[in-house]
Amino acid sequence: MKQLNDFFASKSVTKVLDVGTGPGYFIHTLLNIFPEAEITGVDPDEKSLQEAAVAFPRAEFKIMKGEKIDFQDSTFDLASISMALHHLSDIQKTLKEMQRVVKPGGWIIVNELYSDGLSPAQEVHKRMHHFRSRIDRLNGICHNESFTRKEILQKINDSGLKVELYFENSTVSNPPTPEEISERKEKLSIALEQIKDKPEYKHLAKEIPLIEAELDKYGFAMASRLVVVAKKE
């Protein structure tokens, strides 16, 4: 992301923490911005961390939840969280923990998909995402619906951080192929089967034909992300 490269070009960042790192998707971005930095990724899912360790052998990975980061105060120059804000059980607690482990004057990066002002194809992606999030919640998994841009900024401000930069980031991709459309439809049915013994099954099953009709009409495209850089005072 050019905006992040430009912003941090003159700033010293040698130790970075990526919270909710999953398979390490945001590590690639961090390495591009901070090629010499020591990077640590944390996530509660061990399987995802094993994938990340294979993809990024230079980084270190630890099993850890964002709500309780097991590092001492002022350990890192920067902490990031990417595409994971809506998976947190306590957003404010996590943002406070990220601030605690960042040095005074250090940085927090939030990269989060948003739910407003989307194209029709992005609205389809959002609807599929919200469908799966409801199923996860029925299974006791913390997976909230996506937030608006205003809500994301408000949550960051509420944590006591000072926003220094924010911008929107969209992925430009080709229209999906018929095979990709079919694959998306199949994933909806697979997700639904996870709650086949729950009373909500029949209600959610009625949504699938509606989502499939939108998939056929508009296709799908990744929802845009809001990238926010904030400073620990």
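174 is the number that numbering that gives the first Met the number 0 gives to position 175 of the sequence shown; each next residue is one higher, with no gaps. Idealized CB from N, CA, C, for every residue including glycine. Just so you know, these numbers come straight off a predicted model, no measurement behind them.
| Check | Outcome |
| --- | --- |
| As a quick exercise: from P22, I210, K61, pick the residue whose alpha carbon is nearest that of E122. | I210 |
| Could you give the DSSP three-state label for F33: helix, strand or coil? | coil |
| Check this for me: beta carbons of R183 and M127, under 9 Å apart or not? | yes |
| Quick one, are the C-beta atoms of F55 and G40 less than 9 Å apart? | yes |
| Take the Cβ of G116 as the centre, count every other Cβ of all protein chains shown within 10 Å, and call the residue buried at 16 or more, exposed below. | exposed |
| Closest to E45 by CA distance: which of N31, I38, G23, E35 is it? | G23 |
| To the nearest angstrom, how far is the alpha carbon of K201 from that of N156? | 40 Å |
| Determine, using beta carbons only, whether A120 and F219 come nearer to each other than 9 Å. | yes |
| If you run the structure through DSSP and keep just helix, strand and coil, what is D44? | coil |
| Should V249 and L77 be called a contact, given that it needs their Cβ atoms to be closer than 9 Å? | Here the chain comprises residues numbered 0 to 232, so residue 249 is not present and cannot be evaluated. |
| How would you write the range of the alpha helix (DSSP H) that Y113 sits in, first residue to last? | That residue, Y113, is in no alpha helix (DSSP H); it is neither H nor E in DSSP. |
| Report the option in L94, I68, G139 whose CA atom is closest to the CA atom of P43. | I68 |
| Report the CB separation of L225 from E50 in whole angstroms; it is logged as a contact under 8 Å. | Incorrect: roughly 26 Å between the Cβ atoms, too far for contact. |
| Which runs of the beta strand (DSSP E) spanning at least 3 residues fall entirely within the stretch 94-157, listed in chain order? | 101-112 |
| Less than 9 Å between the C-beta atoms of A212 and F130, yes or no? | no |
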